[in-house]
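Undergrad:
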Amino acid sequence: HGNLIEYYIDYEREQPFGIQSCINLIEYPSYISSIVSYSIDGKTDYLLCSINNGRIKFFDTNVNKCRHTLQTIPSSFHQIKIWPVDNENILHTSYLAFRTSTAIGVMKLPGTGHKNEYDMILAHSNGIRTFDVTSNHNLFISCGEKDNCIFVWKFDLSIMEKRIENSTIEINMKLKQLESLFYYIQLQDA
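The sequence shown begins at 6 in my numbering and counts up by one.
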């Protein structure tokens with residue numbers, strides 16, 4: 006029902022787990038389809054939750070509140086992982102690696118939800134059972150649901166970074182056009 010449960014180990018009990026806290030994360034009828042921990046700056050810890058309606062929510066675990074929500078693709082991510090990609094030119098770059106029922110993909114973190122910040126590819130036509138990532142070689146490994154194949158994918162960070170850079174330039178140009186439009190409207194009203 007969308008509750009966050011933190012556990013602690015109490016060695017005096019026979020059961021090693023006990024509920025430390027329970028927080029209502031999302032509103033009904035949404036549900037979390039996958040979850041992973043993430044830190045932007047090494048100080049603030051987040052739980053990234055993939056919601057069934059295609060949103061990614063960033064929950065600050067220190068204050069137990071949602072700090073950021075991204076609308077991504079219309080379907081949920083069945084599995085997500087933090088992927089610290091390896092590139093000597095770009096420091097501290099992390100991506101969210103994900104899988105849907107038939108596709109694998111990556112999304113720049115922390116992200117704004119812009120379509121140029123993520124990319125995906127149809128990996129297995131009959132579905133994907135699971136995937137994994139390697140940080141030292143920028144490899145993405147997927148295992149098919151019914152095709153009994155394992156694919157190893159090479160991720161080219163420079164292409165993804167160029168796409169994100171170009172989208173920033175495009176957004177800034179549109180903002181300048183909008184500012185010019187408001188300027189001319191103000192001149193006409195004067």
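Don't be surprised by glycine CBs; every beta carbon is placed ideally from N, CA and C.
With DSSP as the reference, label SER163 as helix, strand or coil.
TA: Three-state result, SER163: helix.
Undergrad: In terms of alpha-carbon separation, which member of SER35, SER106, PRO89 and THR66 lies closest to THR98?
TA: If we check each option's Cα against that of THR98, PRO89 comes out closest.
Undergrad: Using the C-alpha atoms, what's the distance from LEU52 back to ILE45?
TA: The straight-line gap from Cα to Cα measures roughly 11 Å.
Undergrad: Cβ of TYR36 within 7 Å of Cβ of ASN57?
TA: Contact: yes.
Undergrad: Which runs of the alpha helix (DSSP H) at least 4 residues long sit entirely within the region 124-165? Give them in chain order.
TA: You should have found no qualifying run.
Undergrad: Report the residue from GLU170, LEU114, ASP50 and THR107 whose alpha carbon sits nearest the alpha carbon of GLN84.
TA: Nearest of GLU170, LEU114, ASP50 and THR107 to GLN84, Cα basis: THR107.
Undergrad: Could you check which residue in TYR43, ILE169 and ILE126 has the C-alpha nearest to that of PHE156?
TA: Nearest of TYR43, ILE169 and ILE126 to PHE156, Cα basis: ILE126.
Undergrad: With a threshold of 8 Å, are at least 3 pairs of Cβ atoms found where one atom belongs to the region 117-124 and the other to the region 135-147?
TA: With a cut-off of 8 Å, the region 135-147 and the region 117-124 do not count as touching, because too few Cβ pairs lie within range.
Undergrad: What residues in its chain sit with their C-beta under 8 Å from that of THR49, if we drop five residues either side in the sequence?
TA: The answer, listed in chain order, is ASP65 and ASN67.
Undergrad: Taking the beta carbon of SER42 as the centre, do at least 16 other beta carbons fall within 10 Å, making it buried, or is it exposed?
TA: Exposed, by the Cβ-count rule.
Undergrad: Assuming the contact rule is C-beta atoms closer than 8 Å, CYS148 and ILE133 should be a hit. Round their C-beta distance to whole Å, please.
TA: Contact flag correct, Cβ pair sits at about 7 Å.
Undergrad: Can you tell me whether ILE61 is buried or exposed, with buried defined as 16 or more other CB within 10 angstroms of its CB?
TA: It counts as buried.
Undergrad: Between the Cα of ILE109 and those of HIS73, GLU150, ILE190 and GLY47, spot the shortest distance and give me the residue it belongs to.
TA: Of the candidates HIS73, GLU150, ILE190 and GLY47, the one whose C-alpha sits nearest the C-alpha of ILE109 is GLU150.
Undergrad: Taking buried to mean at least 16 other C-beta atoms within 10 Å of its own C-beta, is SER225 buried or exposed?
TA: Because the chain in this structure spans residues 6 to 195, residue 225 falls outside the shown range and cannot be described.
Undergrad: Please report the distance separating the alpha-carbon of TRP158 from that of THR74.
TA: Cα to Cα, the separation comes out at about 29 Å.
Undergrad: Determine the burial state of SER55: buried for a count of at least 16 other Cβ atoms within 10 Å of its Cβ, exposed for fewer.
TA: Label assigned to SER55: buried.
Undergrad: So the candidates are ALA102, ILE169, ILE146 and GLU170; which of them puts its Cα closest to the Cα of LYS86?
TA: Looking at the Cα atoms, ALA102 is the closest of the given residues.
Undergrad: For ASP137, which residues in the same chain have their Cβ closer than 7 Å to its Cβ, ignoring the five residues on either side in sequence?
TA: The answer, listed in chain order, is ILE146.
Undergrad: In chain order, what residues of the same chain have a beta carbon less than 8 Å from the beta carbon of THR117, not counting five sequence neighbours either side?
TA: Taken in chain order, the residues that qualify are LEU75.
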